[in-house]
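Student: Here the UniProt record's numbering is used: the first residue of the sequence shown is 1, the next is one more, and so on.
Glycine is no exception: its CB is placed at the ideal position from the N, C-alpha and C atoms.
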Amino acid sequence: MNNLRRIDLNLLVTLQALLTEKHVSRAALRLHKSQPAVSHALAHLRTIFDDPLLVRRAGKLELTSRASELLPALTGALHQVGALLDQPAFDPARTKRLFRLAMSDYGSRVILPGLVKRLRSDAPGIDLQVTQGSRTSMMAGVHDGEIDLAFGVFPSQLADELRTQTLFIEHFVSAADKHTLPNTGSLDKDAWLSRPHVLVALQSNEAGEIEHALQREGVTRRIAMTLPHWGIASSLVTNTDLILTAARRSFDLFLEDSPLQLFAPPFAIDPFAYEMVWHSRRESDAGHNWLRETVVEMLRDSA
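Okay, here's the thing in structure tokens:
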């Protein structure tokens, strides 16, 4: 243990080069160091091991018995250290692994179709486990290691160990049955406020971007239906006088014969950044890095 305190990894690398090359100049070339620096290291190593390590016989340097014993153990130790420090190669086509994701059903609609297709094509051995929760519970899951990646709208200030990446900027649109709209295909503020509305929220008292925009306008709307699921919300509007105002990507791509009409809300609603969050401990994980890059590429291609 005392000797261990007197040596560093660079000295062990130098020792391996010297014992392998049996020549100070060649060892210096191999290490990209000067010959005097390697000679100085050899002198230091001889003191540490209390052995000459290399002795000159017949004009050439040869290993001492102690050095011959050291070389195989030294080579094995440096190989293990290298394996410890080097990030292992990641082959998505051959990897079998489970990733745990957290997102709302809005996120599921936006993220999962493209991601699953990419995984089935490029990484068929990777499985996904998707859960849903509040922003707070998703961040807690990422922090505690129970979630690998969380997707959603998160506070601007996160814990220092959490990392975030904006995937896209989302905007709001309103949707109504087109047969209940005037020829303009939209509604002014008074008409918009006079209609009953659908609110999608995990909690009925949750105030989102739309409510904040209404507060700035000094007006309120009547919420006739509150539900936590995006998927069915647009279906509730069909053949009714209801209005649904939601993130643009929460709606299916409408065909010309769709009964619903999308239009801009009659007042400004702040867009929001849709983000991906992970823990800093994952940043040395090649598979996790690949998955994040794949999500970004998939969204860019689909845009």
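Can you list, in chain order, the residues of its chain with a C-beta nearer than 6 Å to that of D127? Leave out the 5 residues immediately preceding and following it.
Tutor: So the list reads L98, once near-sequence residues are dropped.
Student: Is the CB-CB distance between A175 and S234 below 8 Å?
Tutor: Yes, these two residues count as a Cβ contact at 8 Å.
Student: Quick one: which unbroken alpha helix (DSSP H) runs of 4-plus residues sit fully inside the segment 112-144? Chain order, please.
Tutor: Entirely contained in the segment 112-144, the alpha helix (DSSP H) runs reaching 4 residues are, in chain order, 135-144.
Student: At the level of alpha carbons, what is the spacing between L19 and E69?
Tutor: Between L19 and E69, the C-alpha separation is close to 11 Å.
Student: Are R100 and E161 close, meaning C-beta to C-beta below 8 Å?
Tutor: Their beta carbons are not under 8 Å apart, which means R100 does not touch E161 by this criterion.
Student: So S104 packs on Q129, CB below 8 Å; how close in whole Å?
Tutor: Actually they do not touch by this definition, with Cβ atoms about 16 Å apart.
Student: Using CA atoms only, rank isn't needed, just tell me which of F251, L260, H229, S250 is closest to L242.
Tutor: Per the Cα distances, L260.
Student: Output needed for V38: all residues of its chain with C-beta closer than 6 Å, excluding positions within five of it in sequence on either side, in chain order.
Tutor: For V38, where only same-chain residues beyond five positions count, the Cβ hits under 6 Å are V24, A27, A28.
Student: By DSSP, does I147 sit in helix, in strand, or in coil?
Tutor: The answer is coil: DSSP assigns I147 none of H, G, I, E or B.
Student: Under 8 Å between the Cβ atoms of V295 and I169?
Tutor: Not closer than 8 Å, so no.
Student: Assuming L31 and T14 make a contact with CB atoms under 8 Å, what is their CB distance in whole Å?
Tutor: Confirmed, Cβ separation roughly 6 Å.
Student: Can you confirm whether the segment 136-151 touches the segment 264-276 when touching is taken to mean that 3 or more C-beta pairs between the two stretches lie within less than 8 Å?
Tutor: The segment 264-276 is in contact with the segment 136-151.
Student: Please report the Cβ distance between L193 and V173, rounded to the nearest whole angstrom; I am assuming they are in contact, meaning their Cβ atoms lie under 8 Å.
Tutor: L193 to V173, Cβ: 17 Å. No contact.
Student: With DSSP collapsed to three states, give me the class of F263.
Tutor: Of the three classes helix, strand and coil, the one that applies to F263 here is strand, per DSSP.
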